[in-house]
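Encoded as structure tokens, the structure appears first; notes follow it.
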Amino acid sequence: MQSLSDEELAGKTEEFKRELQDGKTLNDLLVPAFAVVREASRRFLNMRHFDVQLIGGMVLHNGMISEMKTGEGKTLVATLAAYLNSLEGKGVHVVTVNDYLAKRDTEWMSKLYNSLGVSVAFITNNLTDEERKEAYSADIVYSTNNELAFDYLRDNMKFSQEDMVQRGFHYGIVDEVDSILIDEARTPLIISGQIEENNQIYKHINKIVTKLVDSDYEVDEKGRVVFLTEDGISRVEELLRSYNLIPENSSLYDTDIMIMTHYIDQALRAHKLFTADKDYIVKDGKVVIIDEFTGRMMEGRRYSDGLHQALEAKENLEIQHENQTLASVTFQNYFRMYNKLSGMTGTAATEAEEFRDIYRLNVVKIPTNVPVKRIDIDDEIYGTEKEKFNAVLKFIEECHKRLQPVLVGTVSIENSEKLSALLQSHSLKHSVLNARYHEQEAYIIAQAGVPGSITIATNMAGRGTDIQLGGNAEMIAKVELKKIKNDDERVKKYQEIVERVKKNKEIAIKAGGLCVVGTERHESRRIDDQLRGRSGRQGDPGLSKFFLSLEDDLMRIFGSDRMRSFLQKVGLKNNEAIHHPWINKALEKAQKKVEARNYDVRKSLLKFDDVINNQRKVIFKQRNNILGNEINDVFEVYSEVNEDIIKGTVRSGYYEDYVEDIAKEFHTRYGITLDKEDLAKFLNKQEALNYINDKIQEFFTEKEKYFNSQHTTDLWNTIVKQMMIMTLDHLWREHLSVLGSLRQSISLRAMGQKDPLNEFKREAFLMFESMLEKWKELTIYRLAHFKLQEIGNRLHSARNSRLPKVSRNDKCPCNSGKKYKHCHDAAQPLPWGATKSSCYKYSEYH
-7 MQSLSDEELA
3 GKTEEFKREL
13 QDGKTLNDLL
23 VPAFAVVREA
33 SRRFLNMRHF
43 DVQLIGGMVL
53 HNGMISEMKT
63 GEGKTLVATL
73 AAYLNSLEGK
83 GVHVVTVNDY
93 LAKRDTEWMS
103 KLYNSLGVSV
113 AFITNNLTDE
123 ERKEAYSADI
133 VYSTNNELAF
143 DYLRDNMKFS
153 QEDMVQRGFH
163 YGIVDEVDSI
173 LIDEARTPLI
183 ISGQIEENNQ
193 IYKHINKIVT
203 KLVDSDYEVD
213 EKGRVVFLTE
223 DGISRVEELL
233 RSYNLIPENS
243 SLYDTDIMIM
253 THYIDQALRA
263 HKLFTADKDY
273 IVKDGKVVII
283 DEFTGRMMEG
293 RRYSDGLHQA
303 LEAKENLEIQ
313 HENQTLASVT
323 FQNYFRMYNK
333 LSGMTGTAAT
343 EAEEFRDIYR
353 LNVVKIPTNV
363 PVKRIDIDDE
373 IYGTEKEKFN
383 AVLKFIEECH
393 KRLQPVLVGT
403 VSIENSEKLS
413 ALLQSHSLKH
423 SVLNARYHEQ
433 EAYIIAQAGV
443 PGSITIATNM
453 AGRGTDIQLG
463 GNAEMIAKVE
473 LKKIKNDDER
483 VKKYQEIVER
493 VKKNKEIAIK
503 AGGLCVVGTE
513 RHESRRIDDQ
523 LRGRSGRQGD
533 PGLSKFFLSL
543 EDDLMRIFGS
553 DRMRSFLQKV
563 GLKNNEAIHH
573 PWINKALEKA
583 QKKVEARNYD
593 VRKSLLKFDD
603 VINNQRKVIF
613 KQRNNILGNE
623 INDVFEVYSE
633 VNEDIIKGTV
643 RSGYYEDYVE
653 DIAKEFHTRY
663 GITLDKEDLA
673 KFLNKQEALN
683 YINDKIQEFF
693 TEKEKYFNSQ
703 HTTDLWNTIV
713 KQMMIMTLDH
723 LWREHLSVLG
733 SLRQSISLRA
743 MGQKDPLNEF
753 KREAFLMFES
763 MLEKWKELTI
773 YRLAHFKLQE
783 IGNRLHSARN
793 SRLPKVSRND
803 KCPCNSGKKY
813 KHCHDAAQPL
823 PWGATKSSCY
833 KYSEYH
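See the structure below:
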């Protein structure tokens, strides 16, 4: 490949595509395609794939997980499998953990892809639908897991196939695959709409909960639940009565006021299980969730079921309306839609069983390019948190004196700021990386390898930027060259930066390389390994050590009594640490317990969501069928409805006894009058049904003619399609809400010796069948009663201020229930192509 010109190298892409059309497979092309990518990378990125990176690329192409240590160049590895699979022309999705990495990796690798004639794009949360559609049409797309899954849900809420942005699920490469497919898999993605309700109730309940004493409730930190004791129930009932929230002589568990237990439970959880600066932060007057695994803010995400409102009340903020689920999907079910899926991370082997069971993905460990030289020291354990932090401070000071760069890992913002204050009090200059300082993330990490630097980080999982000893020349140059306009000066300054980084690297290596200090063990050992893996990059020297205390959450909640008694026996004294291999083993067992419990939670969530997912597929397929096909009449639907009406009306005995009831029922459903004498002539239900079907067909044929005569386009066809979809969407939302309630209560069936999952499957199926029947009936009812209404004058009046002025965020005057900007604002086209001067409204919906 090295002998080819740039043009000849680029021409290989078309050559490979022709070979695929002629019958070759991707496996046949793997060797030459990888060679082309390796050569293009050498020429245009000045990086030549190591042999181990080629192995990683082969593993990805084969639909497996490539476990590669931090710093081994996973971003470059992805280019091999992405390029090879893009040759099929069906699109490749490279999934990253945040918008910054999606944009950075696209810009970084675009030189390589573009040199080979392969298009590449990225998707971030600020793109419009048009920009998203264009991005998805690229050969290779970089995006976050959230954006991909939300686009899938949004596409299945669209009213036209042309408005959909995605083009299928061909091949996906998931970066930081353990973080995305395991850590984030406990929480389903939800698109929701607000429910109008009285939010003051949350403030009242918040006041009540703050008046409770310890004996009023019990907290189970392991299970993350809190519940009222007998005394607590009496106390809460008394307080509810004092606030006039429940009648006198009533009980909290009376049927008509049982909803109060829901508010109380969520307020208790908000106060007793959720901690500010650990589980969430308050920013700009809003409660922002913190991702427990990455320490990042999850802007726009809200806890469901009233918990977010309870937190807003706790923090004395304005309470937003509770949400209703419009669409939802779990990451497990989203990523299982891909024809081929693969992933890469530094830590996957510990979760190999889950990857295999849930996603049918095998984990392959890829050797490092050069041996790891990092030294991992045994944990030190102290009696109290204060003693532990003092030991951490002393250790950091020792490293700082010999100019060894230090990365300190914490599990919460609260602890990172506590440690920061301690370092400040001892005049130790440092940087803090947590959700509060998310914007400076890349630059802080880039500087973390400078000699003598101290960096505090809350969870290093999925940060995506390597810590390079001596510093990252490119990132430093970005900042320092900003103010220099003269090109010659810029080149000179850049060379100075490169030289400075080179010297700093030598100093850092002599000092022992990057020292990683863990201030607490995480629930998952895999997260600890991710922190540890930041040191010893590509054969660099390094050091890692964890400091623990008996007051740490993991030790306090999950550490066994046996461990505590052992520590007492060996004599744990003040300000003295204990080093013992048995402690490390005991901690590992505690972590495995937590990991097993979390896996059970995810597995259980998936089993229940699989039931919903099967129904979701049916609904989304039904929607696409409606959008994709021309519907010239609704005979198939109304003939079924008519049959059900007659079956339901003629319950027993002779048909002629029910003629009046049949006529009345059809008048209610369709608004038409059937001749009772004609109906009475028939001998059986089938004859009557044939007659009624003919009458209803005449009715709808006339309606279709009238509607189409009022407009230049095929208005009736558009109305039928949109009415069917809107009714389906409305019922599906209601169905999701009912399933959510069923899911919460179904566990009680276990008390009656019944399997909750089987019960859920059975009831969910019956409810789904009922929903589909209701959909047909409601659609026909709405179409039958649908009338056109000219409201152009009303809108015209509103625009000309004869009526009160309509703001873009006000309700639209057409009574659709939508905001004006989403309905008849001048900038918005009408869904069926009506002109602005002749705007139509039908039934309760647009």
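With the working numbering applied, the sequence shown corresponds to residues -7 to 838, in that order. Every residue, glycine too, gets a C-beta built ideally from N, C-alpha and C.
In whole angstroms, what separates the C-alpha of residue i from that of residue j?
| i | j | result |
| --- | --- | --- |
| L399 | L461 | 12 Å |
| V84 | K378 | 50 Å |
| E11 | T5 | 10 Å |
| T88 | R513 | 26 Å |
| M149 | L720 | 10 Å |
| F161 | K82 | 8 Å |
| E310 | D297 | 17 Å |
| N621 | R615 | 10 Å |
| N567 | Y374 | 7 Å |
| V730 | Y630 | 27 Å |
| E751 | G525 | 45 Å |
| N54 | L299 | 43 Å |
| E126 | Y144 | 15 Å |
| R40 | D480 | 29 Å |
| D686 | F692 | 10 Å |
| N407 | N77 | 45 Å |
| M759 | R774 | 22 Å |
| D223 | S207 | 7 Å |
| P239 | F600 | 38 Å |
What are the start and end residues of the beta strand (DSSP E) that includes residue i?
| i | result |
| --- | --- |
| H85 | 84 to 88 |
| E679 | Premise fails: E679 lies in the alpha helix (DSSP H), 677 to 701, not in any beta strand (DSSP E). |
| E59 | 57 to 59 |
| I273 | 272 to 275 |
| P533 | 533 to 541 |
| V355 | 355 to 357 |
| T402 | 398 to 402 |
| E210 | 209 to 212 |
| Y374 | 372 to 374 |
| R754 | Per DSSP, R754 belongs to no beta strand (DSSP E); it is in the alpha helix (DSSP H), 748 to 777. |
Rank the options by C-alpha distance to the C-alpha of residue i and give the top, closest one.
| i | options | result |
| --- | --- | --- |
| V211 | L204, K639, F219 | F219 |
| T771 | H659, K668, K393, V633 | V633 |
| R35 | K713, T342, L104 | L104 |
| P363 | I238, M60, S729 | M60 |
| I839 | H722, K9, M715, A655 | No answer is possible for residue 839: the residues shown for the chain start at -7 and end at 838. |
| D43 | I57, G65, L37, M56 | G65 |
| P359 | P573, Q530, E669, F114 | Q530 |
| A413 | I436, N382, P443, K393 | N382 |
| Q153 | S102, F347, Q714, V321 | Q714 |
| M763 | L(-4), R608, K746, P748 | R608 |
| F699 | H392, R754, F778 | F778 |
Which residue comes first and which comes last in the alpha helix (DSSP H) that contains residue i?
| i | result |
| --- | --- |
| L597 | 573 to 620 |
| T71 | 66 to 78 |
| S334 | Taken as a continuous stretch (DSSP letters only), S334 belongs to no alpha helix (DSSP H), being part of the beta strand (DSSP E) at 332 to 337. |
| I225 | 222 to 234 |
| G510 | Note, G510: premise wrong, no alpha helix (DSSP H); beta strand (DSSP E) at 506 to 510. |
Do residue i and residue j have their CB atoms nearer than 8 Å?
| i | j | result |
| --- | --- | --- |
| A73 | G109 | no |
| I165 | S334 | yes |
| I501 | P533 | yes |
| R366 | G528 | yes |
| R725 | L385 | no |
| S847 | V508 | Examination of residue 847 is not possible in this model, given that the chain is present from -7 through 838 alone. |
| F323 | I172 | yes |
| A680 | I638 | yes |
| T450 | A440 | no |
| D97 | Y134 | yes |
| T402 | T511 | yes |
| D121 | V157 | yes |
Is residue i near the ligand SAM, with its Cβ less than 7 Å from a heavy atom?
| i | result |
| --- | --- |
| H514 | The ligand SAM is absent from the structure shown, which contains no ligand whatsoever. |
For the stretch 102 to 186, list the alpha helix (DSSP H) runs that are entirely contained and at least 4 residues long, ordered along the chain.
-> 121 to 128, 137 to 147, 169 to 173
Starting from the N-terminal side, write out each stretch of the alpha helix (DSSP H) that is 4 residues or longer and does not extend beyond the stretch 416 to 503.
-> 433 to 439, 465 to 472, 479 to 502
What are the start and end residues of each continuous beta strand (DSSP E) run of 3 or more residues lying completely inside the stretch 238 to 262, in chain order?
-> Secondary structure in the stretch 238 to 262: no beta strand (DSSP E) run of 3 residues or longer lies completely within the stretch.
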